[in-house]
Amino acid sequence: GAVVSQHPSWVICKSGTSVKIECRSLDFQATTMFWYRQFPKQSLMLMATSNEGSKATYEQGVEKDKFLINHASLTLSTLTVTSAHPEDSSFYICSARGSPTDTQYFGPGTRLTVL
Amino acid sequence: KQEVTQIPAALSVPEGENLVLNCSFTDSAIYNLQWFRQDPGKGLTSLLLIQSSQREQTSGRLNASLDKSSGRSTLYIAASQPGDSATYLCALKGAGSYQLTFGKGTKLSVIP
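If you read the protein sequences in the order shown, they are chains H and E.
The first sequence begins at 1 in the numbering used here and counts up by one.
The second sequence begins at 1 in the numbering used here and counts up by one.
Structure follows, in structure tokens:
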């Protein structure tokens with residue numbers, strides 16, 4: 001089956017620093033990638049949708065200048081949390097969809113802790 | 001806006017019991033519905049996907065049903081095992097969209 005990886009699996013950083021999370025589709029070309037955030041005991045909330053080579057579409061309430069998304073190739077998307085603060089601490093999960101299928105394949109997630 | 005509700009939020013059962021997890025949604029204009037399993041601190045594992053034209057899907061001890069008219073889906077787990085302990089999420093894909101809307105999940109604990 002299709003595999004999606006994320007790196008790193010966990011990261012701890014100081015407040016004010018920036019953190020980059022990578023999402024890779026290992027055995028298929030991902031025309032669309034999705035970034036979700038999950039707070040404890042909460043559901044996954046879609047942050048943004050990105051198509052290869054174009055700007056990401058952000059959900060309402062998500063700051064595009066704070067959460068920078070780059071989908072530069074068909075196998076890689078990155079999420080950069082800029083000037084991270086403790087309230088950004090969360091579990092970030094990406095998923096990828098390859099054309100023509102509608103199925104989303106999910107990565108294992110990245111635990112971000114901002115001190 | 002689609003809203004997805006999962007009840008109960010948590011469930012604890014003894015090993016061997018059959019159980020049902022519930023998912024309800026407000027907008028019946030869905031493309032498909034998917035059940036996922038999430039282990040603590042991990043990503044999602046897809047269990048079953050039901051297209052809007054289907055009524056149910058089965059995989060091993062799992063059976064998922066879909067009733068669009070009533071806005072409900074159930075996940076039936078037969079002969080539960082401790083290894084089934086996890087959080088189960090249902091997610092809906094709307095017609096004309098690639099986005100998934102998730103419920104908050106049901107945390108299942110199967111006691112040996």
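Think of the CB as a built atom: it goes at the ideal place given N, C-alpha and C, for glycine as much as any other residue.
Opening and closing residue of the beta strand (DSSP E) in which residue i lies
i, result
"glutamine 6(H)", "4–7"
"proline 14(E)", "10–14"
"histidine 71(H)", "67–73"
"asparagine 18(E)", "Taken as a continuous stretch (DSSP letters only), asparagine 18(E) belongs to no beta strand (DSSP E), as it is neither H nor E."
"glutamine 57(E)", "56–59"
"phenylalanine 91(H)", "90–97"
"phenylalanine 36(E)", "30–38"
"alanine 84(H)", "Here alanine 84(H) belongs to no beta strand (DSSP E), and DSSP marks it neither H nor E."
"alanine 86(E)", "86–94"
"glutamate 22(H)", "19–25"
"alanine 64(E)", "62–67"
"leucine 47(E)", "44–51"
"tyrosine 36(H)", "32–38"
Buried or exposed (CB count within 10 angstroms, at least 16 for buried), residue i
i, result
"glutamine 54(E)", "exposed"
"glutamine 81(E)", "exposed"
"leucine 115(H)", "exposed"
"leucine 26(H)", "exposed"
"histidine 85(H)", "exposed"
"serine 95(H)", "buried"
"phenylalanine 39(H)", "exposed"
"tryptophan 35(H)", "buried"
Distance cut-off 7 Å: residue i Cβ against heavy atoms of the ligand SAH
i, result
"aspartate 65(H)", "The model depicted lacks the ligand SAH and carries no ligand whatsoever."
Beta-carbon spacing of residue i, residue j below 8 Å
i, j, result
"serine 50(H)", "isoleucine 21(H)", "no"
"threonine 26(E)", "glutamine 51(E)", "no"
"serine 5(H)", "threonine 80(H)", "no"
"valine 20(E)", "threonine 74(E)", "yes"
"glutamine 104(H)", "leucine 74(H)", "no"
Closer than 9 Å at the beta carbon, the chain E residues around residue i
i, result
"serine 77(H)", "Going along chain E, no residue has its Cβ under 9 Å from serine 77(H), so there is no contact; the nearest lies around 14 Å."
Chain E contact residues for residue i, given Cβ-Cβ distances below 7 Å
i, result
"proline 108(H)", "Lys42 and Gly43"
Proximal residues of chain H, C-beta to C-beta of residue i below 8 Å
i, result
"glutamine 99(E)", "Phe34, Leu46 and Thr49"
Interface partners of residue i on chain H, CB under 7 Å
i, result
"glycine 94(E)", "Per Cβ cutoff of 7 Å: no residues; glycine 94(E) is ~11 Å from chain H at best."
Whether or not the stretch 102–113 of chain H and the stretch 57–67 of chain H are in contact is what I'm after, with contact meaning three or more pairs of Cβ atoms, one per stretch, closer than 8 Å; do they touch?
Because the criterion of three Cβ pairs below 8 Å is not met, the stretch 57–67 of chain H and the stretch 102–113 of chain H do not touch.
For the structure I just gave you, are there three or more beta carbon pairs, one from the stretch 3–12 of chain E and one from the stretch 85–92 of chain E, closer than 8 Å?
Enough Cβ pairs lie closer than 8 Å, so yes.
For the pair the stretch 31–47 of chain H and the stretch 99–109 of chain E, tell me if three or more CB-CB distances fall below 8 Å.
Put simply, the stretch 31–47 of chain H touches the stretch 99–109 of chain E. At least three CB pairs are less than 8 Å apart.
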